[in-house]
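Student: Residue numbering for the sequence shown follows full-length UniProt numbering, beginning at 1 and increasing consecutively. Beta carbons: idealized from backbone N, C-alpha and C, even for Gly.
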Amino acid sequence: MPDTNLNAINRSKETPLDTAEKMGNNEVAELLAERGVQSARAINPGGGGNNHKQARELKQQVSDIKHEVHSQLEQTRQTRVRMQGIAKRIDKLHEEGLNNAINSTTVVAVLIATVAFAGIFTVPGEYVQDPSSLAPGQELGEANISHETAFIIFFVFDSVSLFISLAVVVVQTSVVVIERKAKKQMMAVINKLMWVACVLISVSFLALSFVVVGRSERWLAVSVTVMGGTILVTTIGTMLYWVIAHRVEAKRMRSIKRLSISRSRSFSCSGMSEGEWIDEEFKRMYAI
């Protein structure tokens, strides 16, 4: 038959010539060779070797991919463990820092309350004590400088700082906060109150200094006021800058972490590299 393909290869990768030789039919094999039938090796030299080579290469590629995936998973697991350890240490440092801030705030509040309470009874010029020397409109126990504007400013600001400090002391000694976020929020409010108390007690001191130096030496009081005001404004301004900068940075980091979590669950513990995450979380200082 002219349409018959004498060099067809079966599933066993054999031509009729190969099959005849395999079955030991030498006469048939010679006849097929005379008719131009070729063996599979002659048609596709090295074909079987190429198949084996391709199989080995594919197997090696699969093995390499498997090893790489396993290595990445192991590295991710180790990174997560390191991050968890770092987070625990940072939480401990934050907790210790908050506790130190609470203790320091309580001590400062007590000191301010003590100074403010004592200052109202130790004003310069003392008080009216002799009934025989009472001036018109004066009463026993009245401060001799009570009619001056500086004393009125001192009295009002000193009283407000006293009660703010006492309120802080009452809160600090009465409220027990366990959760760190709530403790941080409470400390943020209390610290702002202490800022106000410090400013008020400073204004009280500056107001009373105008009485102490007298009219002829008023430039001393003005100099102290300028110096003290500069120090207070610089300090409070710097603290406000730290507060705002810390909150802006914390907001930015929360946005980055939320974005990283939405992108990949396997890297949910951090949206950045390990070094950047440590630099952000392990702050040396920040204002509450």
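(1) The alpha helix (DSSP H) spanning Q185 covers which residue range?
(2) Check whether the segment 176 to 185 and the segment 91 to 100 touch, using three or more Cβ-Cβ pairs below 8 Å as the test.
(3) Please report the distance separating the alpha-carbon of I145 from that of G125.
(4) Suppose contacts are defined by Cβ-Cβ distances below 7 Å. Is residue 317 in contact with A197 by that definition?
(5) For L98 and M187, which I take to be in contact (beta-carbon distance under 8 Å), what is that distance rounded to the nearest angstrom?
(6) Tell me, please, whether the segment 247 to 260 touches the segment 205 to 223 by the rule of three or more beta-carbon pairs shorter than 8 Å.
(7) Which residues in the same chain have their Cβ closer than 7 Å to the Cβ of S202, if we skip the five residues on either side of it in sequence?
(8) What's the gap between the Cα of V108 and the Cα of S71?
(9) Cβ atoms of S165 and A113: under 7 Å apart, would you say?
(10) Go through its chain and collect everything with a Cβ distance to R218's Cβ below 7 Å, but skip five positions before and after it.
(11) From what residue to what residue does the alpha helix (DSSP H) around A167 run?
(12) If you draw a straight line from the alpha carbon of E57 to that of R252, how long is it in whole angstroms?
(13) Relative to the alpha-carbon of T225, which residue among F205, W242, T235, I236 has its alpha-carbon at the smallest distance?
(14) Quick one: what's got a C-beta closer than 8 Å to F157's C-beta in the same chain, skipping five residues either side?
(15) Please go through the same chain and pick out, in chain order, the residues whose beta-carbon is closer than 7 Å to the beta-carbon of V110, but skip the five residues on each side of it.
Tutor: For this structure:
(1) Walking along the sequence shown from the start, residue 185 turns up at place 185. Per DSSP, Q185 belongs to the alpha helix (DSSP H) from 180 to 213.
(2) yes
(3) For the purposes of this step, residue 145 is taken as the residue at position 145 of the sequence shown. For the purposes of this step, residue 125 is taken as the residue at position 125 of the sequence shown. One C-alpha to the other measures close to 7 Å.
(4) Here the chain covers residues 1 to 288 and nothing more, so residue 317 does not appear.
(5) Within the sequence shown, numbered from 1, the residue matching residue 98 stands at position 98. Within the sequence shown, numbered from 1, the residue matching residue 187 stands at position 187. Right, the Cβ-Cβ distance comes to about 6 Å (below 8 Å), so this counts as a contact.
(6) no
(7) Numbered from 1 along the sequence shown, position 202 holds the residue referred to as residue 202. Here the set comprises G228, L232.
(8) Looking up residue 108 in the sequence shown gives position 108. Looking up residue 71 in the sequence shown gives position 71. If I take the Cα positions, the gap works out to 55 Å.
(9) Counted from its first residue, the sequence shown places residue 113 at position 113. Counted from its first residue, the sequence shown places residue 165 at position 165. The answer is yes: Cβ separation under 7 Å.
(10) As a first step, residue 218 is located in the sequence shown; it is residue number 218 there, counting from the start. Around R218: F210.
(11) Working through the sequence shown from its first residue, we reach residue 167 at position 167. Looking at the DSSP string, the run of the alpha helix (DSSP H) that includes A167 is 149 to 174.
(12) The count along the sequence shown starts at 1 and reaches residue 57 at position 57. The count along the sequence shown starts at 1 and reaches residue 252 at position 252. The straight-line gap from Cα to Cα measures roughly 48 Å.
(13) Working through the sequence shown from its first residue, we reach residue 225 at position 225. Of the candidates F205, W242, T235, I236, the one whose C-alpha sits nearest the C-alpha of T225 is F205.
(14) The count along the sequence shown starts at 1 and reaches residue 157 at position 157. Excluding sequence neighbours, F157 sits near L200, I201, V203, S204, A207.
(15) Numbered from 1 along the sequence shown, position 110 holds the residue referred to as residue 110. Hits under 7 Å: V169.
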